[in-house]
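The structure under discussion appears below in the form of structure tokens.
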Amino acid sequence: MRGILQVCRASAGSGKTYTLVQQYLRLCLRSNRADSFKHILAITFTNKAASELKERVFRELKSLSEGNTKSQMAVHLRSELSLSTEELQIRAQNTLRAMLHQYGDVAIGTIDQFMHRLVRSFSRDLALQHDFSVDTDNDPVVETAVEKVFRRVGSDEVFTQIMLDFVEYLLDENKSWNVGNQLLATAKSAILTKDSDFTDELDKLTLEQFTEARTALHKACKKYEATVKTFAKQGLDLINTHKLTDADFHYASKGLGNYFRRVFHKGYTLLPNSYVNTALERVDFSGKGPNSALVKELSPQFEEILLNIVAHIEKDSGKYVVALEMIKRYFRLMLMRELSEAVHMEKEDLNLLFVDDFHQLISDVVTEEPAPFIYERIGQRIRHLMIDEFQDTSVTQWRNFLPLVTDVLSTGGFAMLVGDGKQAIYRWRGGEVEQFSRLPELYPPDNTTLTATREQVLRAHHQATTLDSNFRSDKVIVEFNNKLYPELKEYLHEEHQNIFEGCEQKVVKNEGTGLVTLHFVEGSKNEEKHPEYLKLTLQFVKEAEEDGYQPRDIAVLLRDRKTQGIVAQHLRKEGYEVVSESSLLVENDVVVSTIVGAMRHLADPLNPQHAMALLLMLADEYLEPENRHATMQRFIRRDNENPKILMADVNGFMGHIQLPGLSSLLLRQSLFDMCQTILRNLKMEPKCGPQWSFFAQHVLDFAASKGNDLPAFLAWWDKVRDQKSISLPEDVNAIRITSIHKSKGLQYKVVIMPFADWAFSINNAEYWANTPPELKLFTGSDLPPVMLTGFTKSLEGSVLQEQMDAERSRQRLDNLNLLYVGTTRAEERLHIISHRKEPKGAPKNIAEWLMAALPQLGYSEEGEVIGARKRPKIRELPSESSNVVPVCASSDWRDRLKISFESGELSEGQFSGNARQMGSLCHRVLAEMQSVQDLNEVLAHFETSGIANAEVVALLRKQVEQLLELPEARKWFRHPDHTLSEHPVLLPDGSTLRPDRVILKDNHATIVDFKTGSFRAEHEKQLTQYGAVLNQMGYHCTLHLAYLDPAEIRTVEMPRH
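Numbering of the sequence shown is given in numbering that gives the first Met the number 0, commencing with residue 0 and proceeding in unit increments.
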């Protein structure tokens, strides 16, 4: 049997998944062997897509095994396999049974899973330890590597200079001067970049080679500048010698004299304006000044100087500006190389790989090995291969599969590559659409014999198919897209236009419910446009709701996260339930954010920012809007001289709203218990949702692996909080707000696309480029083969122009693909809301594209409504699951414990009024009290936890209350946010002092030491020692000795020196 390479081009909504499942089942059921599935490898790119494909396969098999003869799949398979209904059912039953019993052999998965399997099989060939681990969270490894590299500053002269250049660059670019964060970002861009061909080139160079090349670039630029300045100075000297002024020249201040000055003062790439050029053509630079005749006489000399400047600029300025760009970002290349090596060494030390390492690692082994050898290693003979979403495959990934594909074809098997070049929106992840659009040709060509041989095999077995019917969208939407994209493809580079050739689809659904609207808002500034975008979005949501659509039928698709947040906030304000990327983030849940705020305040009670943030959250949660501001002001202390907030009294506010305060006792609990106690104290259990459960699990996991360290947990949470999100069931009845990227592969009844005006290029973006060969001639030195650049206006016309044009062409394709994905998600209604912006020259954003295309399509520039509002068919919502638990139940496990008093220092029956024992317990009570109100809570904790029995607690209460009757003593418990209890003070010799209580206010410290018994001189000596230490720290100290039985306060004078 002759092998087949089926390249299937599947446009949006054309039944791609159905086709994949049909072909998979055809291969499974075409023989009587129930285990045929073991020899089929089906690859896709995400876990979700792989799960969906596997689920569809099993669902269809189950349907076939139950004798469902009327399904479309059954009809297709019976016809294609020439089987009777009974035979098809028997084969389906046997195959389903075998797949369930040997589930591990069902090879439907992601490309990363398969590559991991290959790496495991070839670990010895790759010099890997057999027990290596795979890490999906790269951050900890990268952070450790950055720390190690950073330690070289000061000891490594070359690297120290690189870091100085790095800091200077950050200052020049007005970027964050947090060097650690910037280094981390640089490391990630080096390690996680998909442009491995570029970063591989960096790894071959040493720092010394980088330094030599950078020096050569500097010298070449200085030489160029010196030459231009020399010519300009000749012109200026000639002017000054003859005492000429601007008025003596043609067009005065816009003439030749001013040009020479501008060139001399760093205008090294400046060419003459039209006035100077006009004078040059006449070889007469004279104007209307008193010395114009002299200028005319000197014109031949001026001409020679000017021609020298122009010739030099035209010859070398295109190299000069690129050299400057290279110098500007050179340290980034050097840092990338060093950080890449550091990460590599760290991974070796930890014996782990990143997922992104798989493809590059296996490439060196697999591409040169015959397929039978690979099968032997992985323990599976692959006879058929299917790859989904092929347009998003990287060059390395495709080359890794080539040996398997060519072997499948050479042995009579079936290989299927499915994709759609119009939906290639992952170039930033390494996807190369031209690999798909040029099949069976291999792209990019590498001119090796092996590649040529494999390409011949692909060509010999190639069979192209196109899925050109749209089963998703209503007729109106399909016809709109059929008109729009043939027009917009004309704006693409010629080599990319073929991707949209034949993009028109056949209509399948014509239920009369289709609607397309286009609206263009006025205004040039965001504050003018954004309200209109939101107004129209809300209008279309309301219209859909009025016409019977459910919230879950509606999706708002946007380009970026920022606009997602804007729309989500607006719709929530209008009372709509929404599911968005931000709403699924755990940190944005009100319960989680409040608990974390409380934990921050407990960890650093003297920090006014933490206290104020928590106060705001509690006020939003517990106060009515009209009372919020006035009530909060009562608990905020400000500086008398300016409005700066000094502190917020959180516990005072919580007492006002009748909630227990945040006691320092919480710090003695585990992280998880602390969270649960705060949750109960704030009475937030009814508001707990899945985000809270997710967060609580992370708290438990952190405590299990890294201990109950509150500051460490908060530092970790700050790093990961924007990455932790939950997944919700598909049937949640809420409006979806998502990115166009994440909507790929999905469909919605109603799609709204506001903010459809995004620019093609990203400001301040950085790109990889091949170092132009002309730079080697310019510098007379070898340079790194790759460079980083921002394709800025200053580089127009430079030796990078060709690469810049190619990148812009790819950006236009990326953005047209992104628009295509967005406008093909809708089933019944599509609303596009853009900005009225007439294009000046070639369009630079989506709004200009749409404005330019609409008149050509016969649509009005004022906007368009295609189709009509009609009520959809009634769709019942699924009933709510009875398994949902709406309220979080939280209780203190200590309440369920029975405490035995048979042992312990102060067990019942043992206490006899021992002064030492009582003094020790009083100390503990006073240390744990932050305010007078804490006394009851502390004593209750002593009794329930078995520290003291009821009799002892009564005696403790009496002693402490006697002390608190003294007015001076009560002052010590008024400002818990400024109080330190038994806080260690580190001395220069490494020892510590631990005063019982220190109250800090501005530059004043009140130090209190609690004592039992009567006064002794050493008590005073110890207290003055505490005072001396705080005095050295800049505090004016007041010292008190507080005696407990009887209650007495003695003020101690600080000794004078």
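Ideal Cβ placement from N, Cα and C applies to all residues, glycine included.
Within the DSSP secondary-structure output, Lys1010 pairs in a beta bridge with Tyr1042. Asn350 counts as exposed, since fewer than 16 other C-beta atoms from the protein chains shown sit within 10 angstroms of its C-beta. Nearest neighbour of Glu531 by Cα position, chosen from Ser285, Ile832, Leu678, Arg809, turns out to be Ile832. For secondary structure counted as the beta strand (DSSP E) over 3 or more consecutive residues, the region 918-981 holds these complete runs in sequence order: 978-980.
By the 16-neighbour rule on beta-carbons within 10 angstroms, Lys47 is exposed. A residue is called buried once 16 or more other Cβ atoms fall within 10 Å of its Cβ, and Phe777 is buried on that count. Rounded to the nearest angstrom, the gap between the Cα atoms of Val924 and Val937 is 7 angstroms.
Around the beta-carbon of Phe1014, fewer than 16 other beta-carbon atoms lie within 10 Å, marking it exposed. Contact between Leu76 and Leu127 is ruled out by a C-beta separation of about 43 angstroms, above the 8 angstroms threshold. In the displayed model, Ser724 falls within a strand according to three-state DSSP. Beta-bridge partners of Asn469 (DSSP): Val506. Listed in chain order, the alpha helix (DSSP H) elements of length 4 or more contained wholly in the region 794-844 are 800-822.
Nearest neighbour of Met1053 by Cα position, chosen from Glu1047, Lys1000, Lys1020, turns out to be Lys1020.
Taking the Cα of Met114 as reference, the smallest distance to any Cα among Trp397, Lys314, Leu87, Lys318 is reached at Trp397. Boundaries of the alpha helix (DSSP H) harbouring Ala610: 607-621, taken from the DSSP string. Remark: C-beta atoms of Ile736 and Val555 approach each other more closely than 7 angstroms. Within the model, the alpha-carbon separation for Met786 versus Trp767 is close to 6 angstroms. In the three-state reduction of the DSSP assignment, Arg77 falls in the helix class, which pools H, G and I. Boundaries of the beta strand (DSSP E) around Leu352: 351-353. Cβ contact annotation for Arg151 (same chain, cutoff 8 angstroms, sequence separation greater than five): Phe158, Thr159, in chain order. Here Val417 really is in contact with Ala9; their C-beta atoms are around 6 angstroms apart, less than 8 angstroms. Given a length threshold of 4 residues, each whole run of the alpha helix (DSSP H) inside the region 740-779 is given here in chain order: 773-778. Here the region 778-797 does not lie against the region 434-446, with fewer than 3 beta-carbon pairs under 8 angstroms apart. Contact annotation: Ser980 and Ala939 have beta-carbon atoms that are not nearer than 7 angstroms. Rounded to the nearest whole angstrom, the C-alpha separation of Pro983 and Ser662 is 19 angstroms. A Cβ-Cβ distance of about 24 angstroms is found for the pair Ile656 and Gln690, leaving them out of contact under the 8 angstroms criterion. In the structure shown, Gln1031 adopts helical secondary structure according to DSSP, grouped into three states. In this structure, Leu269 lies near Arg261, with their beta-carbon atoms less than 7 angstroms apart. Assigned with DSSP and collapsed to three states, Ser64 falls in helix.
For Ile734, the enclosing beta strand (DSSP E) begins and ends at 734-738. The DSSP assignment places 255-263, 273-281 as complete runs of the alpha helix (DSSP H) inside the region 238-285, in order along the chain (cut-off: 4 residues). It is roughly 14 angstroms from the alpha-carbon of Gln608 to the alpha-carbon of Leu617. Under the 10 Å beta carbon count, Gln434 is surrounded by 16 or more other beta carbons and is classified as buried. Exposure of Leu605 is indicated by the presence of fewer than 16 other C-beta atoms within 10 angstroms of its C-beta. Residue pairing for Val407: DSSP places it in no beta bridge. Put simply, the region 961-978 touches the region 995-1007. At least three CB pairs are less than 8 angstroms apart.
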